[in-house]
Every structure is written in C-alpha cells, then in structure tokens.
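Single-structure report; data block below.
Number of protein chains: 2
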Amino acid sequence: MAMTTSTEPSAEEGPKASNMRSLSRALEVFAELQRAERPQRLSDLAKACGMSLPTTLRILRVLQDFGMVSQTDKSYRIGPAVLPAARSFLENDPLVVSARPVLQQVASQTGLTASLYTRLGFERILVARVDGEAPLRYDLPLGKRLPLTLGAAGKILLASASDDELQQVVAAAIAGGQEGAAFTVESLRSRLPEPSADYAYSADERATGVVSVAVAVPNRLGRPSESISLTSPVEAASEATLKAGVPELRRAAGRLSELLEGSVY
Amino acid sequence: MAMTTSTEPSAEEGPKASNMRSLSRALEVFAELQRAERPQRLSDLAKACGMSLPTTLRILRVLQDFGMVSQTDKSYRIGPAVLPAARSFLENDPLVVSARPVLQQVASQTGLTASLYTRLGFERILVARVDGEAPLRYDLPLGKRLPLTLGAAGKILLASASDDELQQVVAAAIAGGQEGAAFTVESLRSRLPEPSADYAYSADERATGVVSVAVAVPNRLGRPSESISLTSPVEAASEATLKAGVPELRRAAGRLSELLEGSVY
DNA sequence: AATATAGTTTCATTCTGTGAAATAGAACAA
DNA sequence: TTGTTCTATTTCACAGAATGAAACTATATT
C-alpha cells in the first residue's frame with residue numbers, strides 16, 4: 001500500500017503544524033529560542049524558523065509584551081514570564097501535586113531516588129524528584145529534557161509503541177543528533193522491554209554509573225505519557241536491589257493513575 | 266525629547282493588546298490558566314478571556330500540541346513544556362547567570378539573603394536568590410509574583426516613575442485585589458523613596474517580620490526593571506545592619522549593570 | 001426518557017497576518 | 001570622512017487565516 005496520501009506531511013520538525021498558523025509559528029520561535037541557549041538575533045531566528053523577517057519581528061514583539069521573550073539591543077532571549085508559568089505548573093498540576101507524596105513514600109521505602117517523567121514530543125521531561133539515601137552525583141534538575149530512547153524511564157514509555165511511532169522516534173533522535181541512541185527501528189526495539197513487560201531496566205545507558213528501573217503510569221486511554229523511576233549510582237545498588245523496588249513502583253504508579261482518573265475537576 | 270506616540274487606549278487589562286490578535290489572545294488564555302491555579306473548562310476560559318468558544322478551543326489545541334497546555338477530560342491546565350522553558354531562562358539568561366555570583370558575594374559579605382527581582386507588567390518576579398545566615402522563614406520560590414507597591418525591591422522600581430505610571434500601577438493593584446497596597450497615587454507616592462534616593466527600605470510591609478533594603482539595577486535607557494535586595498527576619502538584623510549593606514548592594518548593582526551593557530552578543 | 005448544558009464542527013465573511021519591496025539604521029572598510 | 005554591506009523596521013496590497021453564528025453532538029441533570 002503506497003501511502004502517498006498521508007494527511008500528515010510529517011516531514012516537518014517539532015509538533016505538527018496544527019491549525020492557527022500564526023500561533024504555531026510563534027511557538028516555533030519560542031521553541032527555537034530555547035534550543036539556541038543563547039540570545040539570538042532577529043535574522044537568526046527568522047532563518048532557523050523558516051519565516052520572513054517582518055513576521056518574526058511581529059511575533060517577537062507580542063511575546064515580549066507578555067514577558068515570554070526579552071530583548072537587549074538586537075538580541076532576543078526567553079523572558080522572565082516563564083518562571084511564574086513553571087511555578088504554576090509545579091504547584092497546581094494535579095499530577096505533579098499528587099505525585100510528590102507518592103514519590104516520597106517510594107523513596108523512603110526503598111532508599112532510592114524516585115522521579116516522575118512526562119513525555120513531551122519525542123523527549124521526556126523530569127517533572128518531580130525525591131532524593132534517596134545515595135544521592136545521584138550528576139545533577140538533573142526539574143525541566144531537563146531527556147531522550148525517550150535511553151534510560152529506563154524513557155524506554156518504558158516506548159514499550160507498547162507501534163512500529164510507526166518508533167519510526168518517528170528514531171527520526172527525531174537522528175534529527176536531534178542524539179548520541180548512543182538507536183538509529184533504526186529494529187535496534188531500538190531490541191533494547192526496549194517486551195510489550196508485555198511492565199517495567200524497564202537500564203544500566204549505564206543514558207548516564208554512566210547510573211542504574212534505574214521504571215514503570216509507566218497508565219492512563220485511561222492511549223499510550224502512557226508518564227513514567228516513574230527508581231535510580232541509583234551503580235555502586236550503591238545492585239540490579240537485584242533495584243528490581244526489588246519494582247513492586248513498590250508499580251503500586252505507586254497505580255495510586256497515581258487512580259488519583260488522576262478519579263479526581264473530579 | 267518627549268514623544269507622544271501613545272495611540273493606545275490602554276483601558277484594557279494586562280499587557281496591552283498589541284498587534285497579532287490571535288497570538289495576543291492565545292497568550293491571554295495562557296495567562297488566565299496560570300491565574301486560575303486550577304484546571305479550567307473551555308467555557309470558563311472563553312468567558313474569562315472574553316472570546317468565543319471555537320476560538321478558545323482552537324487556541325487551546327495548538328498550545329496543547331506544543332505542551333504549553335495539558336488536558337484531562339474537559340479541563341485544561343498549564344502543560345509541562347513550561348519547565349524546559351524556565352530552565353532555559355535560568356541557565357541561559359545573561360542577567361540571571363551573571364547575577365548569581367554577584368548575589369553570592371553580597372550574601373557572604375553581609376550574611377543576609379540577597380535576591381534579584383525583575384519587573385513584569387505591574388508585578389515583580391523573584392528571579393534569583395542566595396540565602397544568608399539567618400534563613401527567611403517564609404519560603405519564596407523562584408518565579409513568585411510580588412507586588413511593586415510593597416517591599417523595598419518593589420518600591421525602588423517605582424521611585425522614578427511618573428504620575429502616569431503610578432496611576433497605572435494603582436489601577437493594576439486595585440484590579441488585582443492587592444491588599445494593603447496603596448489605592449491612590451498620592452498614598453503610594455508617599456510611601457515610595459524620594460526620586461533622588463537610590464535605595465528603598467521596608468519593614469513588615471509585604472510580609473510581617475521581614476525587613477529589607479533594595480537598590481535598582483540601572484540600565485542604559487528608561488526606567489530600571491530589575492532590583493536587588495537584602496532581606497532578613499526582623500529579629501536577625503536591625504535597620505542599621507541592613508542599611509549598612511546598601512553600599513555593598515550598590516556596588517553589586519553597578520557590576521550587574523556593567524555586565525549587561527558590556528556583554529557582547 | 002426528557003431536558004439542559006457544554007463541547008465540537010461547519011462554513012461564509014472579514015479582517016488579520018503575510019512577505020515583497022522600500023526605507024532606515026548599524027557596522028565596517030577604506 | 002565616505003562608501004559599502006549587512007541587519008532591522010516600516011509600508012502596503014493581497015491572500016488566506018482567524019473568526020463567530022449556527023448547526024450538531026456529547027454529556028450532565030432532572
């Protein structure tokens with residue numbers, strides 16, 4: 001079946017260009033500003049986002065009015081308004097709020113570091129963390145973007161993915177220049193847990209000297225987009241120790257899931 | 266040269282409705298979602314923002330595609346994409362980055378808590394903080410929105426404001442339902458430092474049991490939009506102790522200012 | 001089941017977002 | 001200085017995107 005008529009061109013980058021062109025483009029500019037990690041000039045942004053200078057300028061001006069972007073001289077950067085937004089998310093998001101005590105309990109039960117990740121596009125983001133007894137040496141602050149293809153908490157989110165989805169993941173990994181990531185669907189699939197497995201294990205995968213197990217947080221429909229993990233420096237926990245935490249993790253994930261579904265808005 | 270370019274009715278709320286209506290409206294929805302502090306239904310958002318249901322829905326869908334908004338059932342909330350954005354801001358913003366060591370030095374010199382605020386609209390936002398010896402009892406996390414009208418770090422930003430600007434500040438304070446804030450330009454002005462003064466002092470003003478001094482970070486043109494402060498619990502520092510820190514603060518502000526102007530992008 | 005309320009899709013109209021081109025402003029060289 | 005090149009900004013006419021009324025569907029509520 002030749003599929004020349006896919007509704008999605010999909011050859012594009014980032015989130016699909018949904019409706020509302022101007023808004024989508026504005027969010028592209030915003031995303032590009034984050035990617036750049038340094039102040040950008042107008043022409044850089046316009047080129048990077050593939051839009052005209054006037055359009056880019058107009059977008060930047062509006063974003064600036066709302067504090068989402070700051071300008072000094074001719075360079076633009078992410079603005080301070082993102083901070084209250086992030087605070088709002090961390091303090092009010094039902095998942096994050098209910099996750100905190102749950103992670104706390106898992107961490108104290110196991111003595112390991114417990115984390116909550118959420119999927120965003122073809123990456124995952126650290127959204128909550130409670131440290132265990134053996135602190136992780138590397139710092140991994142909230143909001144960090146991590147690959148789906150490496151690390152237990154990423155792979156478990158892909159365990160039940162279709163080949164189509166994996167294909168997209170691989171494409172994104174290549175586009176994003178991820179190192180060490182799988183570059184074919186087959187090699188990626190081979191490293192994922194069995195679709196039947198409900199947890200993933202990884203050692204020295206995303207970061208050397210770090211081992212972890214993770215389970216997905218089920219949600220009513222569709223693929224899971226959240227996972228929770230237990231992590232430890234290799235020397236502080238054996239594979240067996242970690243895996244002993246899985247039942248606890250499972251319970252935690254179940255509790256989170258219920259809290260989400262049950263909560264009445 | 267005074268330029269009377271104000272073709273703005275300005276009778277509107279929030280950041281002025283600049284060009285690009287659809288984008289401005291989207292940012293209004295996003296702001297409303299933060300204000301609400303809890304998941305909102307479509308119709309609530311539409312009403313709060315004064316726009317039609319279809320329009321609101323379309324905006325939410327795009328924001329959701331980019332992770333700026335999440336949806337569960339029929340309720341919308343701020344999405345996880347704000348976390349990487351905030352991280353990007355904290356790690357890459359030249360002001361924040363260069364402020365950290367400067368605040369560090371002031372804090373260790375004086376033993377007091379040093380903070381950097383930035384103005385956003387008619388509020389200020391805590392953007393960086395280094396704790397002193399006497400920890401503040403109340404927690405004041407990054408990204409917290411605080412009034413301009415209360416507290417040293419707020420008032421110093423208004424010290425050189427025109428009556429017109431103060432009028433807007435007062436209007437915003439009333440609209441935002443700030444308690445304890447000045448409700449007339451006169452009463453506000455009377456509590457502000459003299460325009461000639463370069464620092465502000467406050468005690469028990471924004472928060473009881475807290476005293477602080479602040480200076481503005483000058484920038485090339487226009488009113489300052491950043492300030493740095495020294496704060497302490499009342500019992501840990503006398504007014505004299507705090508004010509003794511002002512010269513140090515001044516120096517810090519000067520250094521920050523230079524760093525900003527000087528940095529070559 | 002009947003009714004009311006909230007969410008979603010459709011579609012014609014309008015006005016907004018758009019980029020080409022012109023203009024203004026910087027940065028740099030000679 | 002003057003000329004040259006690059007970047008940013010404004011103008012403007014047009015295309016098409018954004019819009020809301022209305023129809024429709026889904027979900028609560030009685």
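Chains as they are written, first to last, in my numbering: chain D, 1 to 265; chain U, 266 to 530. Ideal Cβ placement from N, Cα and C applies to all residues, glycine included. Just so we're clear, the structure is a prediction, and the values are computed from it rather than from any experiment.
query                                                                                                                      : result
U/R410 in three-state terms, based on DSSP                                                                                 : strand
Whether U/E491 touches U/L360 by CB criterion (8 Å)                                                                        : yes
Identified DSSP bridge partners for U/S461                                                                                 : Beta-bridge pairing links U/S461 to no other residue.
Stretch-stretch touch, CB-based, cutoff 8 Å, three pairs: the segment 293-311 of chain U with the segment 38-48 of chain D : no
Range covered by the alpha helix (DSSP H) that runs through D/A172                                                         : D163 to A175
For U/K420, the nearest candidate out of U/A296, U/V362, U/P489 and U/L368 (CA to CA)                                      : U/P489
Within 9 Å of chain U by C-beta, residues of the segment 70-94 of chain D in sequence order                                : S70, T72, D73, K74, S75, R77, I78, G79, P80, A81, V82, L83, P84, A85, A86, R87, S88, F89, L90, E91, N92, D93 and P94
Contact residues within the segment 138-168 of chain D, judged by C-beta distance below 9 Å to chain U                     : P141, L142, G143, K144 and R145
Environment of D/E179 [buried if 16+ CB atoms lie within 10 Å]                                                             : exposed
CB contact below 8 Å: U/F331 versus chain D                                                                                : yes
Any chain D beta carbon closer than 8 Å to U/S271                                                                          : Since pLDDT at U/S271 reaches only 35, below the 50 mark, its modelled position is unreliable, and the value read off the structure follows with that caveat. It does not; no Cβ of chain D falls within 8 Å.
Proximity test, Cβ basis, 8 Å: U/E277 and chain D                                                                          : Annotation note: pLDDT 38 at U/E277 (below 50); position unreliable, coordinate value reported separately. False, the Cβ-Cβ gap to chain D never drops below 8 Å.
Proximity below 8 Å, CB of U/R454 to CB of U/L422                                                                          : no
D/T241 versus D/L27, D/A207 and D/Y201, residue with shortest Cα-Cα distance                                               : D/Y201
Selected residue, minimal CA-CA separation from D/L136, among D/V210, D/N219 and D/L256                                    : D/V210
Interface flag, U/T383 vs chain D, CB-CB below 8 Å                                                                         : yes
Segment contact flag, the segment 343-351 of chain U with the segment 366-375 of chain U, C-beta cutoff 8 Å, min 3 pairs   : no
Secondary structure of U/L521, DSSP reduced to three states                                                                : helix
Cβ pair D/V213, D/D198 closer than 8 Å                                                                                     : no
Any C-beta of chain D under 8 Å from that of U/S287                                                                        : yes
Cβ-based burial, U/R535 [other Cβ within 10 Å; buried from 16]                                                             : Only positions 266 to 530 of chain U appear in the structure, and residue 535 of chain U is not among them; the question remains open.
Three-state class that DSSP yields for U/S373 in the structure shown                                                       : helix
Close beta carbons around D/N219, own chain, < 8 Å, minus the five adjacent residues each side                             : S225, E226, S257, L260 and E261
Neighbour flag for D/A175 against chain U, beta carbons, 8 Å                                                               : no
Residue nearest to U/A285 in terms of C-alpha spacing, selected from D/D93, D/K243, D/R61 and D/S115                       : The residue you asked about is not Ala; residue 285 of chain U is Met in the sequence shown. The shortest C-alpha separation from U/M285 is found at D/R61.
Rounded C-alpha distance that separates U/R323 from U/V294                                                                 : 11 Å
Inter-stretch contact at 8 Å, needing at least 3 Cβ pairs: the segment 386-393 of chain U / the segment 431-442 of chain U : yes
Option nearest D/S196 by Cα separation, candidates D/P247, D/A161 and D/E133                                               : D/A161
Unbroken alpha helix (DSSP H) run spanning D/E186, endpoints                                                               : V185 to R191
Backbone secondary structure at U/L415 - three-state DSSP                                                                  : coil
Closest Cα partner of U/V450 within the set U/G519, U/T320 and U/D429                                                      : U/D429
U/V327: contacting residues in chain D (beta-carbon distance under 8 Å)                                                    : S18, N19, M20, L23, S24 and L27
8 Å Cβ cutoff, D/E32 in contact with chain U                                                                               : no
Three-way DSSP call (helix, strand, coil) for D/T266 in this model                                                         : Chain D is shown only over 1 to 265; residue 266 of chain D falls outside these bounds and no answer can be derived.
Neighbour list for D/I59 in chain U, Cβ cutoff strictly below 9 Å                                                          : M285 and L288
Contact under 8 Å by Cβ, D/G143 with D/T113                                                                                : no
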